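First the structure, in the form of structure tokens, and then the observations on it.
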Amino acid sequence: MAQVLQKYVGRLAPSPTGALHLGNVRTFMVAWLRARSQGGRLIMRMEDLDHPRDKPGAAQAALDELKWLGFDWDEEFVQSKRKAKYREALEALKAQVLVYPCTCSRRDVEAAQSAPHAGEQLHYPGTCRGRHPVYVPGACWRFKVESPCLVEFDDVFAGRQRMDVAAKLGDFPLARDEFGAGYTLAAAVDDAEMGITEVVRGDDLIPATPPQILVQRALGLATPAYCHLPLLVGTDGRRLAKRHGDSRIAAYRGQGLAPEAIVGYLAWRSGLVPENAPVTLASLLPHFSLARIPAHPCVLADTGLMR
Ligand code: GLU
Ligand code: ZN
Numbered sequence: 000m001a002q003v004l005q006k007y008v009g010r011l012a013p014s015p016t017g018a019l020h021l022g023n024v025r026t027f028m029v030a031w032l033r034a035r036s037q038g039g040r041l042i043m044r045m046e047d048l049d050h051p052r053d054k055p056g057a058a059q060a061a062l063d064e065l066k067w068l069g070f071d072w073d074e075e076f077v078q079s080k081r082k083a084k085y086r087e088a089l090e091a092l093k094a095q096v097l098v099y100p101c102t103c104s105r106r107d108v109e110a111a112q113s114a115p116h117a118g119e120q121l122h123y124p125g126t127c128r129g130r131h132p133v134y135v136p137g138a139c140w141r142f143k144v145e146s147p148c149l150v151e152f153d154d155v156f157a158g159r160q161r162m163d164v165a166a167k168l169g170d171f172p173l174a175r176d177e178f179g180a181g182y183t184l185a186a187a188v189d190d191a192e193m194g195i196t197e198v199v200r201g202d203d204l205i206p207a208t209p210p211q212i213l214v215q216r217a218l219g220l221a222t223p224a225y226c227h228l229p230l231l232v233g234t235d236g237r238r239l240a241k242r243h244g245d246s247r248i249a250a251y252r253g254q255g256l257a258p259e260a261i262v263g264y265l266a267w268r269s270g271l272v273p274e275n276a277p278v279t280l281a282s283l284l285p286h287f288s289l290a291r292i293p294a295h296p297c298v299l300a301d302t303g304l305m306r
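FYI, numbering that gives the first Met the number 0 numbers position 241 of the sequence shown as 240, with every residue one higher than the one before it.
Here you go:
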């Protein structure tokens, strides 16, 4: 029987809210290897909808630094230029009365525009649910969740995931923008529209996944496979941050470090090569397997690049 094999399409989705650092690069490294080792395509999607937090120049710097490290991609998209798509999706959700504007607290509203990272999730009690789907200045759009609302998916790396979205989040924020240009709606729309077959990203976004799946279902869009990777942590077991030293790629580059040294270090910490030695990204292709990446958070040893 003829089988149609779907070609792998992956994406790199940086947010220009800060400088590219080792943590982003390790996730992108796995995303790149995952796509290229299967002869797949890769899309660069700049997620620049987070206006108050976006830093001028950060998008271009991230692209330059990724190229310097040996990354390539086949197509480039910028979310701020795709607002018509999000607006269309929002209109479709409004027509189904699946969204309403919420004016609750500033904190709730802020959560709508950024990618919600682990620990930032708030349960919303549905205070504004009775509102008509007509925008109110300063509001965020919320997506109506029926109770219960169990969403399950088999994560390629993290295994089976399940969330009762009604119990955990309630009606979740879609976008803090009159026309729907916010992280959750944009990611759900773009992953489907760009034909992404697998999303590789940090496991802090596991809780953001069930809402994205619900939005895709409501819009009749396809849902990709998901591959959530553990984050980088310092030797103290805490998520990589400034206190662990300066892990910005620009800083290493400025100190004269070779891109191969950075790639080699991350590949070593990710279990892909046996020692900390300079390598090119492309040279990792024959060794690459998701199975070699440890399931626990990737600890940055106080050696190699850390100073
Ligand atoms: N742009 C998001 C971030 O940098 C990633 C979103 C995603 O991969 O879906 O946190
Ligand atoms: Zn509200």
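Glycine residues also receive a C-beta, built at the ideal position from the N, C-alpha and C atoms.
Remember, predicted model here, so these are calculated numbers, not experimental data.
Inter-residue spacing [alpha-carbon to alpha-carbon] between residue i and residue j
i: Ala260; j: Gly69; result: 12 Å
i: Leu218; j: Asp47; result: 23 Å
i: Val108; j: Thr279; result: Note on Val108: pLDDT 46, under 50, position unreliable in the model; the coordinate value appears next. Between Val108 and Thr279, the C-alpha separation is close to 43 Å.
i: His243; j: Arg237; result: 9 Å
i: Arg240; j: Ala94; result: According to the sequence displayed, residue 240 carries Ala and not Arg. Cα to Cα, Ala240 sits roughly 43 Å from Ala94.
i: Pro258; j: Val96; result: 50 Å
i: Pro51; j: Ala174; result: 14 Å
i: Leu19; j: Gly38; result: 26 Å
i: Arg35; j: Leu41; result: 8 Å
i: Phe171; j: Arg268; result: 36 Å
i: Thr26; j: Leu11; result: 9 Å
i: Ala276; j: Tyr251; result: 16 Å
i: Leu289; j: Leu230; result: 15 Å
i: Ala58; j: Glu74; result: 15 Å
i: Gly125; j: Thr16; result: 30 Å
i: Arg306; j: Asp245; result: Confidence at Arg306 is low in this model, with a pLDDT of 48, below 50, so the placement of that residue should be treated as unreliable; the coordinate-derived value is given next. If you take the alpha carbons of Arg306 and Asp245, they lie about 8 Å apart.
i: Ile292; j: Val272; result: 10 Å
i: Val262; j: Arg128; result: 48 Å
i: Pro296; j: His131; result: 44 Å
Residue i: CB within 8 Å of a non-hydrogen atom of the ligand GLU
i: Pro172; result: no
i: Glu64; result: no
i: Ser14; result: yes
i: Gly255; result: no
i: Ala207; result: yes
i: Arg200; result: yes
i: Ala186; result: yes
i: Glu192; result: no
i: Leu204; result: yes
First and last residue of the uninterrupted alpha helix (DSSP H) at residue i
i: Trp67; result: Ala57 to Leu68
i: Met28; result: Leu21 to Arg35
i: Gly158; result: First-last for Gly158: Gly158 to Asp163, but that is the beta strand (DSSP E), not the alpha helix (DSSP H).
i: Ile212; result: Thr208 to Ala217
i: Tyr182; result: Tyr182 to Glu192
i: Arg252; result: Ile248 to Gly253
i: Pro258; result: Pro258 to Arg268
Whether residue i touches residue j by CB criterion (9 Å)
i: Val98; j: Lys143; result: yes
i: Leu32; j: Leu283; result: yes
i: Gly194; j: Tyr85; result: no
i: Phe152; j: Thr222; result: yes
i: Ser14; j: Asp63; result: no
i: Leu228; j: Phe156; result: yes
i: Cys101; j: Tyr123; result: yes
Cβ-heavy atom distance, residue i to the ligand ZN, below 8 Å
i: Tyr134; result: no
i: Tyr123; result: yes
i: Pro183; result: The question names Pro, but residue 183 in the sequence shown is Thr. Every heavy atom of the ligand ZN is 8 Å or more from the Cβ of Thr183, so no.
i: Arg141; result: yes
N-terminal and C-terminal residue of the beta strand (DSSP E) that residue i is part of
i: Gly201; result: Glu197 to Gly201
i: Gly9; result: Val8 to Leu11
Closer than 9 Å to chain D by CB, residue i
i: Asp170; result: Of the protein chains in the structure, only one exists, and it is not chain D.
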